[in-house]
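For the sequence shown, this note's numbering begins at 1 and goes up steadily by one.
All remarks here apply to the structure that follows.
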Amino acid sequence: MSSGPATWVLLRGLSRESGHWGDFPVVLQREIERRQPGAQLLMLDLPGNGALYRETSPTQVSAMVESCRAQLQHLGVLGPVHVLAMSLGAMVACDWAARYPRELSAGVLINTSLQPFSPFYHRLRPLNYLSFLFLSLSSVGFRRREAKVLEMTANMQTKPEAVLDRWVELQRQHPVRLRNSLRQLLAASRYRANLIRPAVPMLLLCSKSDHLVDWRCSQAIGRAWGAPLRMHVQAGHDLPLDDPLWVAQAVAEWLKLREMQGLQAGKWY
1 MSSGPATWVL LRGLSRESGH WGDFPVVLQR EIERRQPGAQ LLMLDLPGNG ALYRETSPTQ
61 VSAMVESCRA QLQHLGVLGP VHVLAMSLGA MVACDWAARY PRELSAGVLI NTSLQPFSPF
121 YHRLRPLNYL SFLFLSLSSV GFRRREAKVL EMTANMQTKP EAVLDRWVEL QRQHPVRLRN
181 SLRQLLAASR YRANLIRPAV PMLLLCSKSD HLVDWRCSQA IGRAWGAPLR MHVQAGHDLP
241 LDDPLWVAQA VAEWLKLREM QGLQAGKWY
């Protein structure tokens with residue numbers, strides 16, 4: 001195990017890549033630097049997305065975990081690492097923590113949903129579920145498609161056109177194949193977490209105004225695991241995009257609280 005500066009692994013969600021974090025990693029690093037001097041951030045892509053867009057997306061979350069582990073090994077990262085992940089990426093973080101707890105120090109799960117804690121209609125709201133399928137199956141242009149995704153996932157954008165410009169460019173550089181989008185959706189729908197909380201301490205962040213996943217999914221996980229939960233009132237599903245500073249400060253405050261309580265990395269209490 002490494003005793004050097006902390007390493008944070010950031011994982012995005014369904015059909016999204018590391019480029020979709022935008023300015024958030026810079027904000028996060030600035031905030032956590034006070035608690036973890038020298039901390040480094042690594043933005044990994046899930047198979048089928050981003051730099052791995054040519055790969056076939058697995059239909060099992062467990063296979064996505066193995067991809068992340070292989071990427072870290074390739075980079076020479078020994079761990080244990082902190083993981084901050086949202087949506088499908090958060091499912092990957094949960095499975096990682098459940099099967100390889102010694103490899104993770106802590107996890108931050110953003111706007112995720114897990115079986116068996118919440119019903120399907122809370123986990124992915126039906127109207128937006130149908131909209132996502134329509135977008136995946138349709139032949140509309142990149143910009144129209146990304147504009148609809150932005151509408152479904154963000155509530156607080158003051159410069160949406162700038163966001164769309166960046167997203168369209170990402171899609172042109174690393175086009176996500178329809179087959180991969182559907183395979184990722186299948187992986188998310190079939191993943192089932194353990195009822196017993198993982199050994200790795202977790203912080204849950206959610207958005208009460210999330211139009212894609214009901215905030216009560218995070219609440220249910222928090223209750224089942226006894227994990228702390230912070231809720232943003234206005235932000236949408238893409239919480240790090242809508243309010244990156246709020247997310248970064250919530251993480252930093254959690255690290256500070258754990259430090260004040262004398263909690264070691266990888267320990268709940």
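For glycine and all other residues, C-beta sits at the position ideal for the given N, C-alpha and C.
*So does the segment 208-227 actually touch the segment 149-157, counting three or more Cβ pairs closer than 8 Å?*
yes
*CB of PRO285 within 8 Å of CB of SER67, strictly*: Missing from the structure shown is residue 285; the chain here goes from 1 to 269 and no further.
_Once DSSP output is grouped into helix, strand and coil, what is the label at SER105?_
Residue numbering aside, residue 105 sits at position 105 when the sequence shown is read from its first letter. Strand, per DSSP.
*Is the beta carbon of LEU44 sitting closer than 8 Å to the one on VAL9?*
As a first step, residue 44 must be located in the sequence shown, where it is residue number 44. As a first step, residue 9 must be located in the sequence shown, where it is residue number 9. Their beta carbons are under 8 Å apart, which means LEU44 touches VAL9 by this criterion.
_So, at 6 Å on beta carbons, what are the nonlocal neighbours of TRP268 in its own chain, with the 5 sequence-adjacent residues on each side left out?_
In the sequence shown, residue 268 corresponds to position 268, counting from 1. Once the five neighbours on either side are set aside, the close Cβ partners of TRP268 are PRO201.
_Check this for me: beta carbons of SER14 and ALA147, under 8 Å apart or not?_
Residue numbering aside, residue 14 sits at position 14 when the sequence shown is read from its first letter. Residue numbering aside, residue 147 sits at position 147 when the sequence shown is read from its first letter. Sequence inspection shows Leu at residue 14; the Ser mentioned does not correspond to that position. Not in contact: LEU14 and ALA147 (Cβ atoms no closer than 8 Å).
*Nearest to ALA199 by CA position, among GLN36, GLY266 and GLN29, is which residue?*
Within the sequence shown, the letter at position 199 stands for residue 199. Checking every option, the nearest Cα to that of ALA199 belongs to GLY266.
_Start and end residues, beta strand (DSSP E) containing VAL9_ = Position 9 of the sequence shown, counted from the first residue, corresponds to residue 9. Segment 7-11, the beta strand (DSSP E) holding VAL9.
*asked:* Would you say the beta carbon of VAL200 is closer than 7 Å to some non-hydrogen atom of the ligand MG?
replied: No copy of the ligand MG occurs in the structure displayed, which carries no ligand at all.
*Go ahead and label MET260 buried or exposed: buried means 16 or more other beta carbons lie within 10 angstroms of its beta carbon, across all protein chains shown.*
The residue you call residue 260 lines up with position 260 of the sequence shown. Label assigned to MET260: exposed.
*Determine, using beta carbons only, whether LEU205 and VAL233 come nearer to each other than 8 Å.*
Here residue 205 corresponds to residue number 205 of the sequence shown, with the count starting at 1. Here residue 233 corresponds to residue number 233 of the sequence shown, with the count starting at 1. Their beta carbons are not under 8 Å apart, which means LEU205 does not touch VAL233 by this criterion.
*Which residues bound the beta strand (DSSP E) around ALA85?*
Numbered from 1 along the sequence shown, position 85 holds the residue referred to as residue 85. That run of the beta strand (DSSP E) goes 81-86.
*C-alpha gap between ALA252 and LEU203, whole angstroms*: As a working note, residue 252 is residue 252 in the sequence shown. As a working note, residue 203 is residue 203 in the sequence shown. So the alpha carbons of these two residues sit roughly 11 Å apart.
*Whole angstroms is fine: what's the gap from SER18's alpha carbon to GLN171's?*
For the purposes of this step, residue 18 is identified with residue 18 of the sequence shown, where counting begins at 1. For the purposes of this step, residue 171 is identified with residue 171 of the sequence shown, where counting begins at 1. If I take the Cα positions, the gap works out to 12 Å.
_Could you tell me the alpha carbon to alpha carbon distance between VAL168 and LEU263, rounded to whole angstroms?_
Counting from one through the sequence shown, the residue named residue 168 turns up at place 168. Counting from one through the sequence shown, the residue named residue 263 turns up at place 263. Taking the straight line joining both Cα atoms gives about 43 Å.
*Measure the alpha-carbon distance for ARG16 versus LEU114 and round it to whole angstroms.*
Here residue 16 refers to the residue found at position 16 of the sequence shown. Here residue 114 refers to the residue found at position 114 of the sequence shown. So the alpha carbons of these two residues sit roughly 19 Å apart.
*Pair within 8 Å by beta-carbon distance, ASP242 and ALA250*: Taking the first residue of the sequence shown as 1, we reach residue 242 at position 242. Taking the first residue of the sequence shown as 1, we reach residue 250 at position 250. No. Outside cutoff.
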